[in-house]
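2 protein chains.
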Amino acid sequence: MSQTVDRALSILPLLAEGPADLGQVADRLGVHKSTALRLLRTLLEHGLVYRQSDQRYRLGARLFALAQEAMESLDIREIAHPHLVRLNQQCGHTVHLAVHEEDEVLYIDKVDSRYPVRMYSRIGRPVAVTVAAVAKVLLADLPEPERRAVAEKLDYPPYTPRSTPHASAFLDELAAVREQGWAADLGGHEESVNCVAAPVRGADGRVAAAMSVSAPNVVVTAEELLTLLPLVRSTANAISGEYSGRTPVEKATA
Amino acid sequence: MSQTVDRALSILPLLAEGPADLGQVADRLGVHKSTALRLLRTLLEHGLVYRQSDQRYRLGARLFALAQEAMESLDIREIAHPHLVRLNQQCGHTVHLAVHEEDEVLYIDKVDSRYPVRMYSRIGRPVAVTVAAVAKVLLADLPEPERRAVAEKLDYPPYTPRSTPHASAFLDELAAVREQGWAADLGGHEESVNCVAAPVRGADGRVAAAMSVSAPNVVVTAEELLTLLPLVRSTANAISGEYSGRTPVEKATA
DNA sequence: AACGCCTGTTGCACAGAGTGCAACGGGCCT
DNA sequence: AGGCCCGTTGCACTCTGTGCAACAGGCGTT
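Note that the protein sequences, when read in sequence, are chains A and B. If you read the first sequence in full-length UniProt numbering, its first letter stands for residue 1, the second for the next number, and so on. If you read the second sequence in full-length UniProt numbering, its first letter stands for residue 1, the second for the next number, and so on.
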C-alpha cells in the first residue's frame with residue numbers, strides 16, 4: 001500500500017537469491033539507479049542489507065538477529081523445547097515443532113536425530129504444505145471454508161508418486177486427520193522418509209502448533225514408526241497442557 | 001535516507017521486543033495511526049509481519065525464511081561446516097563459526113557440544129564483541145585506524161571481573177591477537193566458560209571468519225582447553241585453504 | 001439495554017518526500 | 001592515455017505519503 005516501502009522490501013527476496021550490484025537491483029525493481037541507491041542506503045542503515053567488499057549488496061546481520069529474537073520470543077517454542085528433547089531421547093529420531101502462518105507452515109524448532117544426518121537445521125524454512133505431516137495437522141484444524149480456500153490456492157508438486165496429487169485428495173486427507181487427531185507422511189515428500197505428527201492445542205482448543213517425528217526407511221520402517229504414535233501424541237498433549245495453562249509451570253523470564 | 005522506508009523498518013526491531021497493536025506502533029514511531037497502519041499493511045503484504053488472532057502485530061514468517069536463505073547462501077558457512085563437525089567429533093566441545101559485519105560479530109554456524117547443554121542455538125545472534133574470542137580474532141585484522149575507531153565506539157559491559165574493562169585494554173589485546181594469530185576468552189563473558197578462537201582467511205589474506213571452541217570449566221580447565229589450540233588452528237587453516245581456493249573442492253550448487 | 005470509550009479503518013486535501021534526469025567522478029580494462 | 005562502466009550527486013517536478021477528522025465496530029460500564 002506504500003509504494004516506497006513496497007519497493008524497498010522487494011529488494012530483500014531479490015538479495016536472498018544472492019548478492020547483486022546497484023544496477024541489477026534497479027533493473028529488477030524497474031526503477032532508476034538513483035532510486036534504488038536511496039532505498040538500499042536506507043536498508044543499509046538499518047542493517048538489513050550489507051555491502052560486501054566488492055561493493056555488491058547482501059542481506060545483512062540485523063536480519064538474522066531479528067529473526068532470532070522473534071523466534072525466541074515465541075512462547076510455545078520455549079514451552080515445547082524440553083519435551084522435544086525428551087522425545088528425541090526416547091526414540092532417537094528427528095523431532096520437529098511447526099506453526100501455521102499466512103498460508104505457510106514453518107518449523108520453529110528441531111532436535112536432530114541421534115543417527116548421523118547431513119541435513120543442516122531448516123528451522124525457519126517453509127515446509128512442503130501439501131505433504132508434510134505437521135502441515136496436515138495444522139491445516140486440518142482450520143474451519144471448513146478456509147480449509148477449502150487454502151487447498152484450492154495451493155500447488156501440488158509431485159515430489160514423489162505418493163505426494164498428494166490435488167486439492168480434493170488433500171481435503172479428504174485433512175478431514176481424516178481432523179477426525180483421528182494425528183497425521184502421517186509416508187514418503188510423500190522424500191521417497192525414503194516417513195513422519196508422524198500430532199497437534200498441540202491452546203487454551204481455546206484450537207491447534208496452536210504441530211509436532212512430528214521423522215525417520216528414514218533405512219532406520220525404521222513406516223510400520224515401526226507408527227508404533228511411536230502413542231508416544232508422539234502423549235508428548236503433544238503434555239505440551240498442550242502446559243501451553244494452555246492447565247499444567248502449572250514456573251517460568252524464569254517474561 | 002528515505003523517511004518512509006526508515007519508519008517502516010523501525011517497526012521491525014520494535015516488534016522484535018514483542019507483539020504490539022496499532023496504537024503502540026504509532027506512538028513509538030511518533031506518527032499518526034493511519035500512517036502506521038499503511039506501513040504495517042505494506043510489511044504485512046511482504047510477510048515480514050504477521051497479524052495474530054488478537055489483532056496485534058508480530059514479526060512474520062518471511063523474515064525467518066529470508067534469514068535462512070541468506071545464511072545458507074554464505075559460501076563460507078557451507079565450506080566450513082564439515083570441518084566444524086569434524087572438530088566437534090575430535091574434541092567434543094561446542095564449535096562456532098562467526099563473521100564480522102557492520103561493527104557487529106555474529107555466529108553463522110554452530111555444532112553443539114556432546115555434553116548436555118541447555119543453550120538453544122544462538123546462530124544469528126550478535127556476539128559480545130568486547131570479550132568473545134571470535135570477536136577479537138575478527139577485529140584484530142582490521143587496519144589500525146578502524147580498530148581504534150571501533151574500540152572507542154564500543155561499550156565495555158563488565159560481564160565478569162575478567163571482562164575487557166575499556167578501549168585501551170581491548171586495543172592491547174587485539175594487538176596481541178594479531179601478533180599471535182589466535183585469541184582466547186577465559187571467563188570474560190560467563191565466569192565459567194572458556195573459548196579459544198582462530199582466524200579463517202580468504203584469498204587476499206584478510207580474515208574472513210573466525211572459528212572457536214567453547215567449554216565450561218566443569219568439563220575442562222582453561223589449560224586443557226588451550227592444549228586444543230593446535231587442532232583449532234589447523235582446522236581453521238584447512239577451511240582457509242578451501243575458502244581461498246588453494247585446496248580444490250567440488251561444489252554441487254552455484 | 002443503552003451508553004460511551006477505545007481501537008482499527010477510510011477519504012481527502014495539502015505539501016513534503018520520493019522520483020528520474022543529466023552530469024560528474026573514479027576505477028578498470030583496452 | 002583513452003574510453004567505458006558503475007556508483008554517486010543536485011535539482012526541479014510531481015507523485016505519494018501524511019495528518020486530520022469522521023466513521024465503524026467491539027467491549028465494558030452504569
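In this text, a Cβ means the ideal position worked out from N, Cα and C, and glycines have one as well. Note that this is a predicted model, so its numbers are computed, not measured.
Item                                                                                                                                                                               : Value
In this structure, how does DSSP classify residue 162 of chain A when only helix, strand and coil are distinguished?                                                               : coil
Note down, in chain order, every chain A residue with its Cβ under 8 Å from the Cβ of residue 50 of chain B.                                                                       : 101 and 102
Assuming contact is defined by CB atoms lying nearer than 8 Å, are residue 37 of chain B and residue 9 of chain A in contact in what I supplied?                                   : no
Can you name the start and end residues of the beta strand (DSSP E) that residue 210 of chain A belongs to?                                                                        : 207–216
Let me know the secondary structure DSSP gives residue 250 of chain A once reduced to three states.                                                                                : Note that residue 250 of chain A has pLDDT 44, beneath the 50 cutoff, so the model's placement of it is unreliable and no number is given.
Where are the alpha helix (DSSP H) runs, 4 residues long or more, that stay fully inside the UniProt domain "HTH iclR-type" (2–61) of chain B, in chain order?                     : 3–16, 22–29 and 33–45
Looking only at its own chain, which residues have a Cβ that is under 8 Å from the Cβ of residue 61 of chain B, when we skip the five neighbours before and after it?              : 47 and 50
According to DSSP, residue 91 of chain A sits in a beta bridge with which residue or residues?                                                                                     : Bridge partners of residue 91 of chain A: none, in fact.
Helix, strand or coil, according to DSSP, for residue 141 of chain A in the structure here?                                                                                        : coil
If you run the structure through DSSP and keep just helix, strand and coil, what is residue 107 of chain A?                                                                        : strand
Any C-beta of chain B within less than 8 Å: which residues of the segment 31–48 of chain A qualify?                                                                                : 38, 39, 41, 42, 43, 45, 46, 47 and 48
Any idea what DSSP makes of residue 223 of chain A, helix, strand or coil?                                                                                                         : helix
Does the pairing of the segment 222–235 of chain B with the segment 202–210 of chain B give three or more beta-carbon distances under 8 Å?                                         : no
What number of angstroms, rounded off, separates the C-alpha of residue 88 of chain B from the C-alpha of residue 238 of chain B?                                                  : 15 Å
In its own chain, which residues sit with a C-beta less than 6 Å from the C-beta of residue 256 of chain B, not counting the 5 before and 5 after it?                              : The structure shown has nothing for residue 256 of chain B, since chain B only spans 1 to 254.
For residue 80 of chain A, I'd like the list of residues in its chain whose CB is within less than 6 Å of its CB, leaving aside the five on either flank, ordered along the chain. : 97 and 239
Bridge partners for residue 194 of chain A per DSSP, in chain order?                                                                                                               : A:186 and A:215
Who are the neighbours of residue 130 of chain A on chain B, taking C-beta pairs under 7 Å?                                                                                        : By Cβ distance, chain B contributes nothing, its closest Cβ being about 17 Å from residue 130 of chain A, past 7 Å.
So which residues on chain B does residue 64 of chain A lean against when the C-beta distance must stay under 7 Å?                                                                 : 67, 71, 106 and 124
Taking Cβ positions only, does residue 13 of chain B come closer than 8 Å to chain A?                                                                                              : yes
Name, please, each residue of chain B whose Cβ falls closer than 9 Å to the Cβ of residue 60 of chain A.                                                                           : 70, 101 and 102
Kindly indicate which residue of B:45, B:14 and B:68 has the alpha-carbon position closest to the one of residue 15 of chain A.                                                    : B:68
List, in chain order, every chain A residue whose beta-carbon is nearer than 8 Å to that of residue 2 of chain B.                                                                  : 4, 8, 38, 39, 41 and 42
Given a threshold of 16 other Cβ atoms within 10 Å of its Cβ, counted over all protein chains shown, does residue 199 of chain B qualify as buried or as exposed?                  : buried
Chain B beta carbons: is any one of them nearer than 8 Å to that of residue 16 of chain A?                                                                                         : yes
Residues in its own chain within less than 7 Å of residue 243 of chain B by CB, not counting five upstream and five downstream?                                                    : 76, 79, 200, 202 and 208
Taking 8 Å as the cut-off, decide whether the C-beta atoms of residue 41 of chain A and residue 1 of chain B are in contact.                                                       : yes
Please classify residue 78 of chain B: does DSSP put it in a helix, a strand, or coil?                                                                                             : helix
Taking only three categories from DSSP, how would you classify residue 102 of chain B?                                                                                             : coil
Measuring alpha carbon to alpha carbon, tell me which of B:109, B:194, B:147 and B:104 ends up nearest residue 126 of chain B.                                                     : B:104
Considering just the uninterrupted stretch of the alpha helix (DSSP H) at residue 169 of chain B, what are its terminal residues?                                                  : 167–180
Where residue 57 of chain B and residue 124 of chain B are concerned, what is the direct C-alpha to C-alpha distance, given to the nearest angstrom?                               : 22 Å
Taking the Cβ atom as the reference point for each residue, do residue 174 of chain B and residue 229 of chain B lie within a distance shorter than 8 Å?                           : no
Name the DSSP bridge partner or partners of residue 125 of chain A?                                                                                                                : DSSP, once it has assigned bridges, lists no residue as partnering residue 125 of chain A.
Excluding five sequence neighbours on each side, which residues of the same chain lie with their C-beta closer than 6 Å to the C-beta of residue 216 of chain B?                   : 192 and 193
Look at residue 164 of chain A and residue 137 of chain A and say whether their C-beta atoms are less than 8 Å apart.                                                              : no
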